[in-house]
Amino acid sequence: MGDSEADKLENYLAEKAKQDQEKQQESESLSNYDACVLKESAKIHELIAEARKKTNQRSENE
Numbered sequence: 005m006g007d008s009e010a011d012k013l014e015n016y017l018a019e020k021a022k023q024d025q026e027k028q029q030e031s032e033s034l035s036n037y038d039a040c041v042l043k044e045s046a047k048i049h050e051l052i053a054e055a056r057k058k059t060n061q062r063s064e065n066e
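The working numbering puts the first residue of the sequence shown at 5, with every later residue one more than the last.
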C-alpha cells in the first residue's frame, strides 16, 4: 500500500471514528430526552387517573 493509500485509509478511519462518537453522543442526549418524556408522561397519566377517580366519585354521589 502506498503512502497516499495509507493516508486515505487513516483519514477514512479518523472520520469514521468521529462519526461514531457523534452518534454515541446523540443517542446519549436522546436517551436523556426520552427519560424526561417518559417521566412527564407518567405524571400526565397520574393526573388523568386522579381526574377520573374524582369524576367517578362525583357521579356515584349524585
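Just so it is clear, CB atoms sit at the ideal spot from N, CA and C, and this is done for glycine as well. Quick caveat, the model's predicted, so the values are computed rather than measured.
Which stretch, first to last residue, makes up the alpha helix (DSSP H) that contains residue i?
i, result
"E66", "E66 -> no alpha helix (DSSP H), and no H or E assigned at all."
Quick one: is the Cβ of residue i within less than 8 Å of any heavy atom of the ligand MN?
i, result
"K27", "Within the structure as shown, the ligand MN is missing, as the structure has no ligands at all."
Taking 9 Å as the CB-CB cut-off, is residue i touching chain D?
i, result
"A53", "This model lacks chain D altogether, as it is built from one protein chain only."
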